[in-house]
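Undergrad:
Numbering (our numbering), first residue to last: 8 to 168.
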(Lines of atoms letter the chains of each structure in order from A and count residues from 1; the text may use other names and numbers.)
(Lines give C-alpha, C1' and ligand atoms only; values in the text may rest on other atoms or scores of the structure.)
Protein backbone atom coordinates (compact mmCIF):
# COMPACT_ATOMS: atom_id res chain seq x y z
CA UNK A 1 0.00 0.00 0.00
CA UNK A 2 1.44 3.36 -0.99
CA UNK A 3 1.21 6.47 1.09
CA UNK A 4 -0.99 9.25 -0.33
CA UNK A 5 1.37 12.22 -0.50
CA UNK A 6 -1.49 14.73 -0.86
CA UNK A 7 -2.69 14.02 2.69
CA UNK A 8 -0.59 15.25 5.60
CA UNK A 9 0.58 12.53 7.92
CA UNK A 10 0.65 12.93 11.68
CA UNK A 11 4.41 13.58 11.52
CA UNK A 12 3.92 16.40 8.97
CA UNK A 13 1.68 18.44 11.28
CA UNK A 14 3.20 21.55 12.81
CA UNK A 15 4.32 21.20 16.41
CA UNK A 16 1.87 23.12 18.59
CA UNK A 17 2.95 24.72 21.85
CA UNK A 18 1.13 26.88 24.39
CA UNK A 19 3.04 30.13 24.94
CA UNK A 20 2.46 33.27 27.01
CA UNK A 21 1.37 36.46 25.28
CA UNK A 22 0.04 39.89 26.14
CA UNK A 23 -3.51 41.16 25.87
CA UNK A 24 -2.28 43.68 23.31
CA UNK A 25 -0.80 40.97 21.07
CA UNK A 26 -3.87 38.75 21.51
CA UNK A 27 -6.21 41.62 20.60
CA UNK A 28 -4.13 42.40 17.50
CA UNK A 29 -4.50 38.75 16.45
CA UNK A 30 -8.27 38.88 17.09
CA UNK A 31 -8.58 42.12 15.08
CA UNK A 32 -6.85 40.46 12.14
CA UNK A 33 -8.40 36.98 12.22
CA UNK A 34 -11.75 36.82 14.07
CA UNK A 35 -14.81 36.39 11.86
CA UNK A 36 -17.37 38.42 13.82
CA UNK A 37 -16.03 39.78 17.13
CA UNK A 38 -13.77 42.67 17.95
CA UNK A 39 -10.93 42.73 20.49
CA UNK A 40 -11.81 42.90 24.21
CA UNK A 41 -11.08 45.78 26.58
CA UNK A 42 -9.75 43.68 29.45
CA UNK A 43 -8.98 40.14 30.45
CA UNK A 44 -8.01 38.03 33.43
CA UNK A 45 -5.62 35.77 31.53
CA UNK A 46 -4.36 35.34 27.97
CA UNK A 47 -2.85 32.25 26.37
CA UNK A 48 -1.54 31.68 22.87
CA UNK A 49 -0.52 28.74 20.72
CA UNK A 50 2.30 28.66 18.21
CA UNK A 51 2.78 26.23 15.36
CA UNK A 52 6.54 25.84 15.16
CA UNK A 53 7.49 29.56 15.50
CA UNK A 54 4.30 31.09 14.06
CA UNK A 55 1.51 32.50 16.27
CA UNK A 56 -1.59 30.63 15.18
CA UNK A 57 -4.14 31.30 17.92
CA UNK A 58 -5.09 33.11 21.11
CA UNK A 59 -7.60 32.74 23.93
CA UNK A 60 -8.63 35.56 26.25
CA UNK A 61 -10.31 34.82 29.59
CA UNK A 62 -12.26 37.38 31.55
CA UNK A 63 -15.08 37.73 34.03
CA UNK A 64 -18.53 36.75 32.75
CA UNK A 65 -20.36 39.42 30.78
CA UNK A 66 -23.73 38.19 32.09
CA UNK A 67 -24.15 39.71 35.56
CA UNK A 68 -26.09 36.72 36.89
CA UNK A 69 -23.14 34.44 36.12
CA UNK A 70 -20.63 36.71 37.89
CA UNK A 71 -20.22 34.74 41.11
CA UNK A 72 -16.49 35.25 41.62
CA UNK A 73 -15.76 31.63 40.71
CA UNK A 74 -16.70 31.59 37.02
CA UNK A 75 -14.37 32.67 34.23
CA UNK A 76 -15.52 33.30 30.67
CA UNK A 77 -13.50 32.54 27.57
CA UNK A 78 -14.19 35.90 25.91
CA UNK A 79 -12.33 35.20 22.67
CA UNK A 80 -10.80 32.18 21.01
CA UNK A 81 -9.31 32.91 17.64
CA UNK A 82 -7.08 30.84 15.39
CA UNK A 83 -5.84 31.02 11.84
CA UNK A 84 -7.31 27.58 11.13
CA UNK A 85 -4.36 25.47 12.27
CA UNK A 86 -5.71 22.00 13.11
CA UNK A 87 -6.20 21.32 16.84
CA UNK A 88 -5.14 24.85 17.86
CA UNK A 89 -8.62 25.83 19.07
CA UNK A 90 -9.18 22.84 21.36
CA UNK A 91 -5.60 23.15 22.64
CA UNK A 92 -6.27 26.81 23.54
CA UNK A 93 -9.54 25.94 25.28
CA UNK A 94 -7.85 23.32 27.48
CA UNK A 95 -5.01 25.74 28.28
CA UNK A 96 -7.59 28.39 29.22
CA UNK A 97 -9.31 25.84 31.49
CA UNK A 98 -6.00 24.97 33.19
CA UNK A 99 -5.17 28.66 33.66
CA UNK A 100 -8.61 29.37 35.16
CA UNK A 101 -8.28 26.40 37.50
CA UNK A 102 -4.83 27.59 38.63
CA UNK A 103 -6.32 31.04 39.37
CA UNK A 104 -9.00 29.50 41.62
CA UNK A 105 -11.99 29.57 39.29
CA UNK A 106 -14.46 26.69 39.57
CA UNK A 107 -16.22 26.99 36.22
CA UNK A 108 -15.30 28.16 32.74
CA UNK A 109 -18.01 29.24 30.32
CA UNK A 110 -17.99 30.43 26.73
CA UNK A 111 -20.46 31.12 23.96
CA UNK A 112 -20.82 30.26 20.28
CA UNK A 113 -23.25 31.39 17.65
CA UNK A 114 -26.04 28.88 17.14
CA UNK A 115 -24.82 28.10 13.62
CA UNK A 116 -21.34 27.16 14.89
CA UNK A 117 -20.91 23.45 15.57
CA UNK A 118 -18.82 23.47 18.75
CA UNK A 119 -16.55 20.55 17.77
CA UNK A 120 -13.48 22.14 19.38
CA UNK A 121 -15.45 22.82 22.57
CA UNK A 122 -16.62 19.22 22.78
CA UNK A 123 -13.05 18.03 22.08
CA UNK A 124 -11.86 20.18 24.99
CA UNK A 125 -14.51 18.69 27.31
CA UNK A 126 -17.07 21.53 27.32
CA UNK A 127 -20.77 20.64 27.61
CA UNK A 128 -23.62 22.55 25.99
CA UNK A 129 -25.75 24.19 28.71
CA UNK A 130 -28.29 26.09 26.59
CA UNK A 131 -28.82 27.23 23.02
CA UNK A 132 -30.93 30.26 24.03
CA UNK A 133 -28.42 32.46 25.83
CA UNK A 134 -28.10 36.19 25.39
CA UNK A 135 -29.06 37.73 22.11
CA UNK A 136 -30.63 41.07 21.41
CA UNK A 137 -29.42 44.63 21.58
CA UNK A 138 -27.26 46.35 24.19
CA UNK A 139 -29.33 49.53 23.96
CA UNK A 140 -31.85 50.27 26.68
CA UNK A 141 -34.11 53.24 27.33
CA UNK A 142 -32.25 56.47 26.70
CA UNK A 143 -28.89 54.74 26.31
CA UNK A 144 -28.17 53.86 22.70
CA UNK A 145 -25.32 51.51 21.87
CA UNK A 146 -23.98 50.57 18.46
CA UNK A 147 -24.69 46.92 17.67
CA UNK A 148 -21.39 45.65 16.28
CA UNK A 149 -21.98 42.01 17.23
CA UNK A 150 -24.38 39.29 16.01
CA UNK A 151 -27.79 39.83 17.67
CA UNK A 152 -29.21 36.30 17.76
CA UNK A 153 -29.25 33.78 20.58
CA UNK A 154 -26.01 32.02 21.43
CA UNK A 155 -25.08 28.63 22.80
CA UNK A 156 -23.53 28.67 26.27
CA UNK A 157 -20.96 25.99 27.03
CA UNK A 158 -19.52 25.13 30.44
CA UNK A 159 -16.57 23.18 31.78
CA UNK A 160 -16.26 22.83 35.54
CA UNK A 161 -12.69 23.00 36.80
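Even glycine gets a Cβ: it sits at the ideal position worked out from N, Cα and C.
Does residue 81 pass the burial test, meaning 16 or more other C-beta atoms within 10 Å, or should it be called exposed?
TA: buried
Undergrad: Rounded to whole angstroms, what is the Cα-Cα separation between residue 161 and residue 120?
TA: 5 Å
Undergrad: Do residue 34 and residue 47 count as a contact pair if the criterion is CB distance below 9 Å?
TA: In this structure, residue 47 sits near residue 34, with a CB-CB distance shorter than 9 Å.
Undergrad: Who pairs with residue 87 in a beta bridge, going by DSSP?
TA: 66
Undergrad: Determine whether the Cβ of residue 58 lies closer than 9 Å to any Cβ atom of chain B.
TA: Protein chains in the displayed structure number just one, and chain B is not present.
Undergrad: Can you pull the DSSP bridge partners for residue 77?
TA: Note: residue 77 sits in no beta bridge, so no partner.
Undergrad: Assess contact between the segment 48-67 and the segment 18-37, defined as three or more Cβ pairs (one per stretch) separated by less than 8 Å. Is contact present?
TA: yes
Undergrad: In its own chain, which residues sit with a C-beta less than 8 Å from the C-beta of residue 92, not counting the 5 before and 5 after it?
TA: 21, 23, 56, 58, 63 and 64
Undergrad: Taking only three categories from DSSP, how would you classify residue 126?
TA: helix
Undergrad: How close, in whole Å, do the beta carbons of residue 76 and residue 50 come, if the pair is a contact with beta carbons under 8 Å?
TA: At roughly 16 Å, the Cβ-Cβ gap does not stay under 8 Å, so residue 76 and residue 50 are not in contact.
Undergrad: Distance, Cα to Cα, residue 163 vs residue 29?
TA: 26 Å
Undergrad: Look up residue 95 in the DSSP assignment and say whether it is helix, strand or coil.
TA: helix
Undergrad: Would a C-beta distance cut-off of 9 Å place residue 87 and residue 99 closer than the cut-off?
TA: yes
Undergrad: Hey, how far is the Cα of residue 42 from the Cα of residue 36?
TA: In this structure, the straight-line span from the alpha carbon of residue 42 to that of residue 36 is close to 12 Å.
Undergrad: Express the C-alpha separation of residue 111 and residue 130 in angstroms, rounding to a whole number.
TA: Each residue's alpha carbon lies about 23 Å from the other.
Undergrad: Kindly list the residues whose CB is nearer than 6 Å to the CB of residue 104, restricted to its own chain and excluding five residues on each side of it in sequence; keep chain order.
TA: 115 and 166
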